[in-house]
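Student: Note that the protein sequences, when read in sequence, are chains A and B.
Going by the UniProt record's numbering, the first residue of the first sequence is number 1, and it counts up by one from there.
Going by the UniProt record's numbering, the first residue of the second sequence is number 1, and it counts up by one from there.
Just so it is clear, CB atoms sit at the ideal spot from N, CA and C, and this is done for glycine as well.
Since this is a predicted model, take the numbers as computed values, not measurements.
2 protein chains.
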Amino acid sequence: MKDEFAFIQSLLPKKQYHRSLIKGIGDDAALFHHGDEYDTVVCVDTLVENIHFKRCTMLPAHIGYKALAVNLSDIAAMGGIPNYYLVSIAVPKKGWKDCEVKEIYDGMNELAERFKVDLIGGDTVSSNQELVITVTAIGTVAKGRRLFRQNSKSGDVVFVTDFLGASAAGLSLLLEHGMNYPYAKEQRELIEQHQKPNPQIKAGLLLVNMGVRAALNDISDGIASEANELAEASGKTIVLDYGKIPKHPALGSFSNKEIEDFVLYGGEDFQLIGTANKKNWDQIQSAFHEANIKITEIGYVKNGEPKVYLLKNHSPFILDKRGYNHFRKNE
Amino acid sequence: MKDEFAFIQSLLPKKQYHRSLIKGIGDDAALFHHGDEYDTVVCVDTLVENIHFKRCTMLPAHIGYKALAVNLSDIAAMGGIPNYYLVSIAVPKKGWKDCEVKEIYDGMNELAERFKVDLIGGDTVSSNQELVITVTAIGTVAKGRRLFRQNSKSGDVVFVTDFLGASAAGLSLLLEHGMNYPYAKEQRELIEQHQKPNPQIKAGLLLVNMGVRAALNDISDGIASEANELAEASGKTIVLDYGKIPKHPALGSFSNKEIEDFVLYGGEDFQLIGTANKKNWDQIQSAFHEANIKITEIGYVKNGEPKVYLLKNHSPFILDKRGYNHFRKNE
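#1: Give, in chain order, every residue of the segment 7 to 24 of chain A whose Cβ lies closer than 7 Å to some Cβ of chain B.
#2: In terms of residue numbering, what span does the alpha helix (DSSP H) encompassing F60 (chain B) cover?
#3: Let me know if N180 (chain B) comes out buried or exposed under the rule of 16 or more other beta-carbons within 10 Å of its beta-carbon.
#4: Are the C-beta atoms of L119 (chain A) and some chain B residue less than 7 Å apart?
#5: Can you list the beta strand (DSSP E) stretches of 3 or more residues lying completely in the UniProt domain "PurM-like N-terminal" (26 to 141) of chain B, in chain order?
#6: Against A168 (chain B), what residues of chain A qualify as contacts under a CB-to-CB distance less than 8 Å, listed in chain order?
#7: P199 (chain A) and S73 (chain A) look like a contact to me (Cβ under 8 Å); what is the Cβ gap, rounded to whole Å?
#8: What residues in the segment 207 to 239 of chain B bring their beta carbon closer than 7 Å to a beta carbon of chain A?
#9: Could you name each continuous alpha helix (DSSP H) segment of 4 residues or more that falls completely within the segment 275 to 299 of chain A, going from the start of the chain to the end?
#10: Could you check the C-alpha separation between K321 (chain B) and S225 (chain B) for me, to the nearest Å?
#11: Using a cut-off of 9 Å between C-beta atoms, extract the partners of S286 (chain A) located in chain B.
#12: How is K23 (chain A) classed by DSSP in three states: helix, strand or coil?
#13: In this structure, what does DSSP give as the bridge partners for Y309 (chain B)?
#14: Whose C-alpha, out of A:G79, A:H18 and A:C99, is nearest the C-alpha of R213 (chain A)?
#15: Check the Cβ-Cβ distances between G35 (chain A) and every residue of chain B, and say whether any is below 7 Å.
#16: Let me check understanding here. Comparing Cα to Cα, which of B:F288, B:E192, B:E186 and B:L175 lies closest to residue 334 (chain B)?
#17: Shorter than 7 Å from the beta carbon of G139 (chain A) to some beta carbon of chain B?
#18: Take the Cβ of F148 (chain B) as the centre, count every other Cβ of all protein chains shown within 10 Å, and call the residue buried at 16 or more, exposed below.
#19: Determine, for L131 (chain A), whether the minimum Cβ-Cβ distance to residues of chain B falls below 7 Å.
#20: CA-CA distance, I81 (chain B) and T136 (chain A)?
#21: For V308 (chain B), go through chain A and note every residue whose CB falls closer than 8 Å to its CB, in chain order.
#22: Using CA atoms only, rank isn't needed, just tell me which of B:K279, B:N292, B:V125 and B:N280 is closest to V48 (chain A).
#23: Contact criterion: CB-CB distance below 7 Å. Does residue 351 (chain B) meet it with respect to chain A?
#24: Of the residues A:L319, A:N228, A:K14 and A:T296, which one's Cα is nearest the Cα of Q150 (chain A)?
#25: Output needed for T140 (chain B): all residues of its chain with C-beta closer than 8 Å, excluding positions within five of it in sequence on either side, in chain order.
#26: Please report how far the alpha carbon of S253 (chain A) lies from the alpha carbon of L190 (chain A), in whole angstroms.
#27: Quick one: grab the DSSP three-state call for D218 (chain A).
#28: If you reduce the DSSP assignment to three classes, tell me which class V212 (chain B) lands in.
#29: Below 9 Å between beta carbons is the criterion; list the residues of the segment 41 to 52 of chain A that meet it against any residue of chain B, in chain order.
#30: Since I believe G267 (chain B) is in contact with I219 (chain B) (beta carbons under 8 Å), could you give me their beta-carbon distance rounded to a whole number of angstroms?
#31: Could you check what DSSP says for I245 (chain A) in three-state terms: helix, strand or coil?
#32: Counting along the chain, where does the beta strand (DSSP E) carrying F262 (chain A) start and finish?
#33: If I295 (chain A) sits next to V158 (chain A), beta carbons under 8 Å apart, how far is it from one beta carbon to the other, in whole angstroms?
#34: Which of helix, strand or coil does DSSP assign to F163 (chain A)?
#35: Output needed for D118 (chain A): all residues of its chain with C-beta closer than 8 Å, excluding positions within five of it in sequence on either side, in chain order.
#36: In chain A, what lies closer than 8 Å to Y84 (chain B) by C-beta?
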């Protein structure tokens, strides 16, 4: 696939049959009317062996944990509460033991228990070469409280939750040394972020419950890519200040160049990037402080072309969508 | 996977968080409470290249059509109306052109338009070797009208919709002669049933709208397998009469042995097998006759071990779950 974004554009349905549909293709998850209090949010994500994970970097339980986390992160980016998930798994006829496949489900279950999500269905099939796992997650969003990517307005604060760069740094360590290396404590922290990322469900809910206008996107492909998605969906220019982006404190042993790569283009941090009305910013900061979730102002939105500018050493340059290409360097 | 059924049993969640869940793992689709009038039904199915389809037997559009049909058939077996679908597709880096992937979506769209189903989301990723397509379908079922597999009772009529055996016969022709052979009209009919199966949405709805108690299952893995699922879910014995099972009229050129294999074990007919109260049988037949959907009595339910007996030439034998193993003979 040369350009996934253009390809998805070409698939956009030309008509819509159901008036209950609020948001189809083009955000983190789809949204449709449910009852009087809630809307339903649904998303699906696939992890492919040797594309999204390698067996030398992830235990089966990590693969399961992450396959569900990716989806819960999409629900977080819509401000939703996850309720259910379905798992479709294609397992190669050789190379995977039944007990290892069971461990994949155990990994999902560990995360599901934390967020009280029920496994309600799925499909188990054979494949010839690679394990492919697809998770569908279904949740609810309070009616009318929609944190769409298109909500950004000129003057908004751009923010990000927690720290960036940990997952990509963890992956680089795993690819260099494998899983059984005697890692230092800080390195293990980075690896943990890669193998068992934490979807920011509570952060999305906080914003929904405050009732503020906000645009939100989860950082699965790197902040460069996700900031561009916000800019494009909202038709605005986003300006980010590299100095303000919170780099994970355990990145200290990497070079500045590596840290920049991890922070800007290293995906799978599953933090949330968003924009909110400047006048709500103090209130948002207080609420996040009270909930003990780190949130940082990293830039602003202005009228202009849907592009992202990065200020670095006081010089702006265009931050393109390059994003994160899984294992590209290693192939 | 040695035994998918046993494996799925081992995955059954030990607890359930959401009281809104009506039916989780163990039927054609999951069901949960929605608003006052409807429940939501959701299912997911995966097709894997060289396992569920080969490029020499299916055009890209057929692959898409079938990937959605498989899911709509699951919704049919719950008596539901499909509303939405999401598509996750893993496309090999080599061997598939973008225009061919687009044709897969066109194939889905053809069926989606017929049943007014909206594509609302998905994921597009790379794979190394095989194309894997996973469709999640979401629909609604009138509140309380549930055609679960476990609903069978002693004395019930066992019925099947339309004809059986066409899809497997079509596949055997395609595997022998390929897609460009000058097939006779009857052969083309069988091939069409394999490449573009028709989910029996209307049949499921008819039963729901009549408000009769019925158990229902769609025939994705062959009637032998699906009848056993009904027997197990309901804890009853099912007796089928081979002579009464409607064989597809275009099967005439095959041997009796082949026809038996296609009809009993040849999956992917996507007809519905079900059981219903004997006292409603005349009413059901009339309703189906009026709707121009063929429905045939093929056996009965009785108390006893959860097994299926097949009467053939007046002798009963146990019909095991052998089902349909895709391409097993050819590998």
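Tutor: According to the data block:
#1: Those residues of the segment 7 to 24 of chain A that come within reach of chain B (Cβ to Cβ, closer than 7 Å) are F7, I8, S10, L11, P13, Q16, Y17, H18, L21 and G24.
#2: Looking at the sequence itself, residue 60 (chain B) is Pro, so the reference to Phe does not match. Its alpha helix (DSSP H) spans residues P60 to A76.
#3: exposed
#4: yes
#5: Listed in chain order, the complete beta strand (DSSP E) runs (minimum 3 residues) inside the UniProt domain "PurM-like N-terminal" (26 to 141) of chain B are 30 to 33, 38 to 48, 81 to 92 and 118 to 127.
#6: Residues of chain A passing the Cβ test: none, with the nearest at roughly 18 Å.
#7: 4 Å
#8: none
#9: 281 to 290
#10: Distance from the CA of K321 (chain B) to the CA of S225 (chain B), rounded to the nearest whole angstrom, comes to 4 Å.
#11: Near S286 (chain A) there are no residues of chain B at all, since even the closest Cβ is about 31 Å away, more than 9 Å.
#12: K23 (chain A) falls in the strand class under three-state DSSP.
#13: Y309 (chain B) pairs with B:V239 and B:I318.
#14: A:G79
#15: yes
#16: Since the displayed chain B opens at 1 and closes at 331, residue 334 (chain B) lies outside it and no answer follows.
#17: no
#18: By the beta-carbon neighbour count (other beta carbons within 10 angstroms, threshold 16), F148 (chain B) is buried.
#19: Contact with chain B is absent for L131 (chain A), since none of that chain's Cβ atoms lies less than 7 Å from the residue's Cβ.
#20: 19 Å
#21: None at all; the shortest Cβ gap to chain A is about 22 Å.
#22: B:V125
#23: Any answer about residue 351 (chain B) is impossible in this case: the structure gives chain B only from 1 up to 331.
#24: A:N228
#25: H34, Y38, D39, T40, V41, G80, I81 and N83
#26: 12 Å
#27: strand
#28: Correct three-state label for V212 (chain B): coil.
#29: V42, C43, V44, D45, T46, L47, V48, E49, N50, I51 and H52
#30: 7 Å
#31: coil
#32: It is not in any beta strand (DSSP E) - F262 (chain A) instead sits in the alpha helix (DSSP H) that spans N256 to Y265.
#33: Wrong, their Cβ atoms sit about 11 Å apart, outside the cutoff.
#34: coil
#35: Closer than 8 Å at the Cβ level, and outside the excluded window around D118 (chain A), lie N83, Y84, Y85 and A112.
#36: H18, L21, A30, F32 and V42
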